[in-house]
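Peer 1:
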Amino acid sequence: MDRWFLHVILAFSLAIPLVGCGEEEAPPPPVVRPVKILELGGSDDPQVLEFPGTVKAGRHAELAFEVSGKLESLSVTEGQPVSEGDVLAALDDRDFQAKLDAERAKERAAEAEYQRTKALFDENVTSKQQLDTKQRNYEVTTTSVARARKALEDAELRAPFDGKVARVDVDNFENVQAKQTILVVENDSRFEVEADIPEQDAARMPPGLTLEQRSDRIRADIVIGALEGRRFPARLTEFASTADPKTRTFAATLAFDNPGDVSLATGMTATVRVHVSKEVVGKTGLFVPAVAVGSTAEGEALVWVIDPSSMEATARSVELGAMAGDRVRVTSGLTGSEWIATSGISFLYEGMVVSRATE
Numbered sequence: 480m481d482r483w484f485l486h487v488i489l490a491f492s493l494a495i496p497l498v499g500c501g502e503e504e505a506p507p508p509p510v511v512r513p514v515k516i517l518e519l520g521g522s523d524d525p526q527v528l529e530f531p532g533t534v535k536a537g538r539h540a541e542l543a544f545e546v547s548g549k550l551e552s553l554s555v556t557e558g559q560p561v562s563e564g565d566v567l568a569a570l571d572d573r574d575f576q577a578k579l580d581a582e583r584a585k586e587r588a589a590e591a592e593y594q595r596t597k598a599l600f601d602e603n604v605t606s607k608q609q610l611d612t613k614q615r616n617y618e619v620t621t622t623s624v625a626r627a628r629k630a631l632e633d634a635e636l637r638a639p640f641d642g643k644v645a646r647v648d649v650d651n652f653e654n655v656q657a658k659q660t661i662l663v664v665e666n667d668s669r670f671e672v673e674a675d676i677p678e679q680d681a682a683r684m685p686p687g688l689t690l691e692q693r694s695d696r697i698r699a700d701i702v703i704g705a706l707e708g709r710r711f712p713a714r715l716t717e718f719a720s721t722a723d724p725k726t727r728t729f730a731a732t733l734a735f736d737n738p739g740d741v742s743l744a745t746g747m748t749a750t751v752r753v754h755v756s757k758e759v760v761g762k763t764g765l766f767v768p769a770v771a772v773g774s775t776a777e778g779e780a781l782v783w784v785i786d787p788s789s790m791e792a793t794a795r796s797v798e799l800g801a802m803a804g805d806r807v808r809v810t811s812g813l814t815g816s817e818w819i820a821t822s823g824i825s826f827l828y829e830g831m832v833v834s835r836a837t838e
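Following the working numbering, the numbering of the sequence shown begins with 480 at its first residue and continues without gaps.
1. Where does the unbroken beta strand (DSSP E) through ASN666 begin, and where does it stop?
2. If you reduce the DSSP assignment to three classes, tell me which class ARG795 lands in.
3. With distance defined between alpha-carbon atoms, name the residue in ALA769, SER796, LEU706, SER789 nearest to GLU777.
4. If I measure Cβ to Cβ from HIS539 and keep anything under 6 Å in the same chain, skipping five residues before and after, which residues do I get?
5. I'd like the span of the alpha helix (DSSP H) that includes LYS607, first residue to last.
6. Considering only residues of the same chain and omitting the five flanking positions on each side of THR605, which have a CB-CB separation below 7 Å?
7. Is it buried or exposed, MET802, if we count other Cβ atoms within 10 angstroms and call 16 or more buried?
8. Out of curiosity, what's the CA-to-CA distance linking PHE530 and ILE676?
9. Do GLY812 and GLU798 count as a contact pair if the criterion is CB distance below 8 Å?
10. Spatial neighbours of VAL663 within its chain, please: CB distance less than 6 Å, with the 5 preceding and 5 following residues excluded, ordered by chain position.
11. What residue does the beta strand (DSSP E) around LYS535 start on, and which one ends it?
12. Would you call the stretch 746-753 in contact with the stretch 648-656, where contact means no fewer than 3 C-beta pairs closer than 8 Å?
13. Excluding the five sequence neighbours on either side, which residues of its own chain have a C-beta within less than 6 Å of the C-beta of PHE484, listed in chain order?
14. Closer than 7 Å by C-beta to ASP700: which residues in its own chain qualify, once you throw out the five before and the five after it? Chain order, please.
15. Are three or more beta carbon pairs between the stretch 716-731 and the stretch 769-784 nearer than 8 Å?
16. Taking the Cβ atom as the reference point for each residue, do ALA780 and LYS658 lie within a distance shorter than 8 Å?
17. Leaving out five residues before and five after SER562 in sequence, what residues of the same chain have Cβ atoms less than 8 Å from its Cβ?
18. Per DSSP, which one or two residues make a beta bridge with LYS549?
19. Between the Cα of GLU653 and the Cα atoms of MET790, SER552, VAL833, which residue gives the shortest distance?
20. Can you confirm whether the stretch 609-618 touches the stretch 578-591 when touching is taken to mean that 3 or more C-beta pairs between the two stretches lie within less than 8 Å?
21. Write down the C-beta distance between ALA627 and LEU688 rounded to the nearest angstrom, noting that I regard them as a contact closer than 8 Å.
22. Under the rule that 16 or more other beta-carbon atoms within 10 Å means buried, what is THR821, buried or exposed?
23. By DSSP, does ALA681 sit in helix, in strand, or in coil?
24. If you compare alpha carbons, which of ARG683, ALA568, ASP574 is closest to THR660?
Below, the structure written as structure tokens:
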């Protein structure tokens, strides 16, 4: 009985390995890593150039007297609204009024002398030379009166347009010099941003375009950092025709309307974002997010290109240009129609299958 039981146990133990050998264990499925994917040339791939700039009011005037004198009246304060033609500041005008009165007296005397000489000339009592001399004297005094009247008018500063006083640079009763800035008036119904455009970016535009044509081809917005990155659509209003000889940049001005629901002011920092059309992308390369660029062990730049059908990742060597904000220019290696990975690139390897990560 015991011998029979041992035979059964031995047969059963030998059968177990045979059963295991009959079915091979399946390999584990490949890891599919989710990554963010940017479709170059697609709607989610805005080719954007970014340039730092400074905000200023659309209309801005630094007011100064054309004559020197003592400031007698400064009737405005910073932030005060003003209307076109309002008197904002005035010099002591007594000397200017006295000068005008004196010149008018000279003019009246010269006119009387001219009229007397002309009557004599009409009667053939005096010469044409005498008449011409009296006429020139009269004209000189008339010019002097106009100059004195202008000096008296220049003793007042008037608002050149509706707006507000942005800055006052002097105190009342100071002696001020001609051309010295007294105050600044602004109209902020529209704002402008001035930016310097590097020559390599200015060269992306086709030659021979007028300012209007440039503006039509550019889609731009202004980002104000102090307003948590809020963006405002902008239009190109000025573009220098020559580069600054020192910085090799072109001065550009872009304008945008005051939205009215935020506090904007001259001097705020801004970022000009220019959306580059596909028409000009191929001229000097395209921009990709800097986070999409990795490097080989030898230090060469690469991006991971994703095959849309198989979703396999392939490393692609690229050559890089300058940075523009959080993007970098790729000057060669990409055609502009690829899918590229923009996250998790340090975990990718050749032929790895990926999936599109959700935000």
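Backbone N, C-alpha and C fix where the C-beta goes; we use that ideal spot for every residue, glycine too.
Peer 2: From the atom records:
1. Run containing ASN666: 660-677, per the beta strand (DSSP E) assignment.
2. Assignment of ARG795 by DSSP, reduced to helix, strand and coil, places it in the strand class.
3. The residue with the shortest Cα to Cα distance from GLU777 is SER796.
4. Sequence-distant Cβ neighbours of HIS539 in its own chain, meaning closer than 6 Å and more than five residues away, are GLU665.
5. Counting along the chain, the alpha helix (DSSP H) containing LYS607 begins and ends at 607-632.
6. Excluding positions up to five away in sequence, the list reads THR596, LEU599.
7. Flag for MET802 reads exposed.
8. Going by C-alpha positions, PHE530 is about 7 Å away from ILE676.
9. Yes, the pair counts as a contact, with Cβ atoms nearer than the cut-off.
10. Cβ within range, chain order: GLU541, ALA645, ARG646.
11. Segment 527-543, the beta strand (DSSP E) holding LYS535.
12. Segment contact: the stretch 746-753 against the stretch 648-656, fewer than three CB-CB distances shorter than 8 Å; contact not assigned.
13. For PHE484, the predicted model reports a pLDDT of 49, less than 50, meaning its position is unreliable; a value from the coordinates is still stated below. So no residue of the chain qualifies.
14. If we look at ASP700 and ignore the five residues flanking it on each side, its Cβ neighbours are ARG710, PHE711, PRO712, ALA713, ARG752.
15. Short answer: they don't touch.
16. The beta carbons of ALA780 and LYS658 sit no closer together than 8 Å.
17. Cβ within range, chain order: ALA638, ASP641.
18. Checking the DSSP bridge columns, you'll see LYS549 partnered with ASN654.
19. Ranking the options by Cα distance to GLU653, first place goes to SER552.
20. Output reads yes: the stretch 609-618 touches the stretch 578-591.
21. The Cβ separation is near 50 Å, so there is no contact.
22. Label assigned to THR821: buried.
23. Helix at ALA681.
24. Looking at ARG683, ALA568, ASP574, the one whose alpha-carbon comes closest to that of THR660 is ALA568.
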